[in-house]
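Counting along the sequence shown from 1, when you hit position 472 you're at 472 in UniProt numbering, and nothing is skipped either side.
Even glycine gets a Cβ: it sits at the ideal position worked out from N, Cα and C.
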Amino acid sequence: MILLQCVQLSKSFGAEPILQNVKLEVQSGQRVALVGRNGAGKSTLLKVIAGELSYDSGDLIIPKDVNVGYLAQSSGLESERSIWDEMLSVFSHLQKMERRLREMEAEMSDPAVTGQPARYEKLLKDYDQLQQDFKDQGGYQYEADIRGILSGLQFSDFDYGTPISSLSGGQKTRLALGKLLLTKPELLILDEPTNHLDIETMTWLENYLSGYDGAILIVSHDRYFLDRIVDHVYELSFQQTAKYTGNYSKYLEEKAKRLELEMKMYEKQQEEYKRMEEFVQKNLARASTSKRAQSRRKQMERMTLMDRPKDDDQSAQFRFHIERQSGNDVLMTDNLAVGYDGEALTSGLNLKLDRGESVALLGPNGVGKSTLLKTINRALEPLEGSLRYGSNVSAGYYDQEQTQLSSGNTVLQELWNEYPSTPEKDIRTVLGNFLFSGEDVLKTVRDLSGGEKARLTLAKLMMQKANFLILDEPTNHLDLDSKEVLENALIDYPGTLLFVSHDRYFVNRMATRVVELAPEGITSYLGDYDYYAAKKAEQLEWAALKAEEASVQNARTSSDTSETSAKHDYERDKELKKQERQRQRKIESAEAAIESHEEEIAGIEEQMADPKIYQDHEKSLELNTRLEQLRNEIEELMEEWESLQE
Numbered sequence: 001m002i003l004l005q006c007v008q009l010s011k012s013f014g015a016e017p018i019l020q021n022v023k024l025e026v027q028s029g030q031r032v033a034l035v036g037r038n039g040a041g042k043s044t045l046l047k048v049i050a051g052e053l054s055y056d057s058g059d060l061i062i063p064k065d066v067n068v069g070y071l072a073q074s075s076g077l078e079s080e081r082s083i084w085d086e087m088l089s090v091f092s093h094l095q096k097m098e099r100r101l102r103e104m105e106a107e108m109s110d111p112a113v114t115g116q117p118a119r120y121e122k123l124l125k126d127y128d129q130l131q132q133d134f135k136d137q138g139g140y141q142y143e144a145d146i147r148g149i150l151s152g153l154q155f156s157d158f159d160y161g162t163p164i165s166s167l168s169g170g171q172k173t174r175l176a177l178g179k180l181l182l183t184k185p186e187l188l189i190l191d192e193p194t195n196h197l198d199i200e201t202m203t204w205l206e207n208y209l210s211g212y213d214g215a216i217l218i219v220s221h222d223r224y225f226l227d228r229i230v231d232h233v234y235e236l237s238f239q240q241t242a243k244y245t246g247n248y249s250k251y252l253e254e255k256a257k258r259l260e261l262e263m264k265m266y267e268k269q270q271e272e273y274k275r276m277e278e279f280v281q282k283n284l285a286r287a288s289t290s291k292r293a294q295s296r297r298k299q300m301e302r303m304t305l306m307d308r309p310k311d312d313d314q315s316a317q318f319r320f321h322i323e324r325q326s327g328n329d330v331l332m333t334d335n336l337a338v339g340y341d342g343e344a345l346t347s348g349l350n351l352k353l354d355r356g357e358s359v360a361l362l363g364p365n366g367v368g369k370s371t372l373l374k375t376i377n378r379a380l381e382p383l384e385g386s387l388r389y390g391s392n393v394s395a396g397y398y399d400q401e402q403t404q405l406s407s408g409n410t411v412l413q414e415l416w417n418e419y420p421s422t423p424e425k426d427i428r429t430v431l432g433n434f435l436f437s438g439e440d441v442l443k444t445v446r447d448l449s450g451g452e453k454a455r456l457t458l459a460k461l462m463m464q465k466a467n468f469l470i471l472d473e474p475t476n477h478l479d480l481d482s483k484e485v486l487e488n489a490l491i492d493y494p495g496t497l498l499f500v501s502h503d504r505y506f507v508n509r510m511a512t513r514v515v516e517l518a519p520e521g522i523t524s525y526l527g528d529y530d531y532y533a534a535k536k537a538e539q540l541e542w543a544a545l546k547a548e549e550a551s552v553q554n555a556r557t558s559s560d561t562s563e564t565s566a567k568h569d570y571e572r573d574k575e576l577k578k579q580e581r582q583r584q585r586k587i588e589s590a591e592a593a594i595e596s597h598e599e600e601i602a603g604i605e606e607q608m609a610d611p612k613i614y615q616d617h618e619k620s621l622e623l624n625t626r627l628e629q630l631r632n633e634i635e636e637l638m639e640e641w642e643s644l645q646e
């Protein structure tokens, strides 16, 4: 069933077109991503679909019986109610049914009613129907649903009687998301739902949406999130949409293939048209070939010429350089405690960074990640302990709140005031690399969008040429293409990185080590985000196993369950031993296959050294092909062997 259809939809603000002949369709159960650069019109399109903005032309078709839920970007919940009462308001119809059930139960116990068989029979029948409706609509589980949503959005430790008006902006945004999820609309429209969410909460939201019964239309800059959730992608560029099937990574592949194919078709048509044009010019005046030339000209007039394929590829271009290399030791902290007004958010921090490392600092919201970065950048004093830089360390800091920008400056002044000895031409070149060109450099900072402020802050950071970059949420406000450019610049950066990010794709590409921050200290994981996530999952499994063992141990103390426990232990040990034997057999099989392949490779290499075979091109090609196949198989076998060893 089609839940939403946009047909030739257009929208302009004044004389500036934002959407032109947009096509978009969402069917039952689909998970659709809307992607495009900042300013492409994604949020405008969602607002039009949600009915918050009008459109100029075209058709917007949503069946009358389809319930649509919409969460705007960073839209906080404004209410005078408590957390619990606000969530409970979603189920007012169930509460009304519940009150009616209680009233009917009271009536059924009334002698005046029981004494009238016909009335009592009808009451019983109505009660049974209402009770069934109440059950079917989730009447016996809505309170559990509320607790589940609040827990997933990190409100489990809150007093549910807390007034919403006393919460922070980010908490209000999370509650707005929670309330929308509780309504369970058939079409869920989400604009940047992962804003203000830490990694744990994003993971919960991914799992929740993966099992969601309705359809989803989503705008997000979180590539990890999109890859896990969506099955269709609409790209909005040049005011129009193009549809792709698959997740975000698949969309990137298909987009590149489509652009390459369209370019080949365009170039082929251009070559053909040019040949025909040359033929007409040469042969039109000749009597012997004039008719053929006229025929060719008519053919040219009938041709529909393709426009040159366009790619919305305007991306910032920059690299981070350093003025001089630091020593091997970059940062050392000793029992560091950080916080505000004498109250520590986290303490006992012992962290050492070596030159060339790229360290991701992860942890839940509110644990003190940004506070630690500010302390390391010497913007805050440590509450306890000490920190020191190594020799020749120069630090550059990216503040997610962008407080280092002066709102009254123009873009040009912001950079030039910082580096007054740099010629204006060079300053403009740098700004051009960050997509500030022409009149853009005369915009005041206060009038810039979040993405433009982020690019300007990165431009200032690049000019600093520091050998130790401290980055607090550097991908916030950046579109997907700008994130890619930033990642490539940082991968090539010759200095040391310490960064906080909720973008798991970014962490996965950048991190050589993950440091998890908790109130009582830090834990290091030597690897990227996937390694960290796997280790965390392993720790949870171990904790669950220990809890199970403890439960079994407690059960053993009871004489009634001792025999059952022993049998359970025996069966479990038997299964574990069986699994271990299977693992060892697989390891031995892999080792034998590797050894066999290596022997065959040695034999082939010996044959290829024979001049007779070397001069036989057909035989030589056959041996080369087999050699490549064997090497690929050995690589796969080695990966399997390493996995089994772990």
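Would you mind stating whether residue i and residue j have Cβ atoms separated by less than 8 Å?
i	j	result
Leu-387	Thr-333	yes
Asp-222	Thr-194	yes
Ala-360	Phe-468	no
Val-66	Leu-188	no
Asn-309	Glu-262	Reading off the sequence shown, one finds Pro at residue 309, where the question assumed Asn. Contact: yes.
Asn-283	Arg-292	yes
Ile-149	Leu-181	yes
Met-265	Met-306	yes
Ser-75	Thr-201	no
Gly-41	Gln-239	yes
Leu-331	Leu-351	yes
Ser-249	Asp-227	yes
Three-state secondary structure (DSSP) at residue i?
i	result
Pro-163	strand
Gly-69	strand
Thr-333	strand
Val-507	helix
Leu-431	helix
residue 726	What is shown of the chain runs 1 to 646, which leaves residue 726 out entirely.
Gly-527	coil
Thr-512	coil
Leu-30	Reading the sequence as shown, one finds Gln at residue 30 and not Leu. Gln-30: coil per DSSP, three-state reduction.
Thr-457	helix
Gly-521	strand
Lys-243	strand
His-597	helix
Phe-318	coil
Phe-238	coil
Thr-625	helix
Leu-226	helix
residue 654	Any answer about residue 654 is impossible in this case: the structure gives the chain only from 1 up to 646.
Glu-401	coil
Ala-15	coil
Ala-466	coil
Asp-447	helix
For residue i, count the other beta carbons within 10 Å of its own beta carbon; 16 or more makes it buried, fewer makes it exposed. Which is it?
i	result
Thr-457	buried
Asn-335	exposed
Arg-324	exposed
Ile-427	buried
Pro-382	buried
Met-510	buried
Leu-205	buried
Val-7	exposed
Asp-479	buried
Met-462	buried
Phe-225	buried
Arg-37	buried
Lys-257	exposed
Asn-554	exposed
Kindly provide the ranges of any alpha helix (DSSP H) runs that are 4 or more residues long and lie completely inside the stretch 340-397, ordered along the chain. Those alpha helix (DSSP H) runs which fall completely within the stretch 340-397 and span 4+ residues are 369-376.
At which residue ranges does the stretch 137-213 contain complete beta strand (DSSP E) runs of 3 or more residues, listed in the order of the chain? 187-191
Could you say if the stretch 582-597 and the stretch 610-624 meet the contact criterion of at least three C-beta pairs nearer than 8 Å? no
Complete alpha helix (DSSP H) runs within the stretch 42-117 (minimum length 4 residues, chain order): 42-49, 83-88, 92-108 and 111-114
Report yes or no: do the stretch 493-505 and the stretch 430-446 share at least 3 C-beta pairs separated by less than 8 Å? no
Mind the definition here: the stretch 217-236 touches the stretch 30-45 only if three or more C-beta pairs lie below 8 Å; say whether that holds. yes
Should the stretch 124-136 be regarded as contacting the stretch 100-108, the criterion being three or more beta carbon pairs within less than 8 Å? Yes, they touch.
Inside the stretch 242-296 only - alpha helix (DSSP H) runs reaching at least 4 residues: If we require 4 residues or more, the alpha helix (DSSP H) runs fully inside the stretch 242-296 come out as 248-283.
Using 8 Å as the threshold, is the stretch 413-425 in touch with the stretch 488-501, meaning 3 or more CB pairs across them? no
Contact between the stretch 438-458 and the stretch 371-385: three or more CB pairs below 8 Å? no
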